[in-house]
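Chemist: Going by the numbering used here, the residue at position 54 of the sequence shown is 221; the numbering climbs one at a time, nothing skipped. Cβ coordinates follow ideal geometry from the N, Cα and C atoms, glycine included.
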Amino acid sequence: MTALMEKIRQEHKSIAEEVSQLFRETHEFLSATTANREEQAEKQAQYLHQFHQELEQTTHEFLAETAKARTEQAKAQKQYLHQFRQDLFASIFGTHI
């Protein structure tokens, strides 16, 4: 009976050690996974921040170029319409205004 009790204690101790080892390994795995995910999240945040800055810069440049082009088109159209008006009056009234 004593031998059986000792065998049960040894098995219990062995199981407890295995459970403890599994707990440590699980904890280490979760810690490593958490650290890895935090690192990935930081890299992704940096990438997204850089992307956002580049997108803002590109958008600003595009809008500035578009505004400049439209202003130039408006000036050209204004000049054309002014000349058209003068030519029209000259053809109707024989004089420029």
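Please report how far the alpha carbon of A241 lies from the alpha carbon of R252, in whole angstroms.
Modeler: Taking the straight line joining both Cα atoms gives about 16 angstroms.
Chemist: What residue does the alpha helix (DSSP H) around M172 start on, and which one ends it?
Modeler: 169-260
Chemist: Between the C-alpha atoms of Q177 and A199, what's the straight-line distance to the nearest angstrom?
Modeler: Taking the straight line joining both Cα atoms gives about 33 angstroms.
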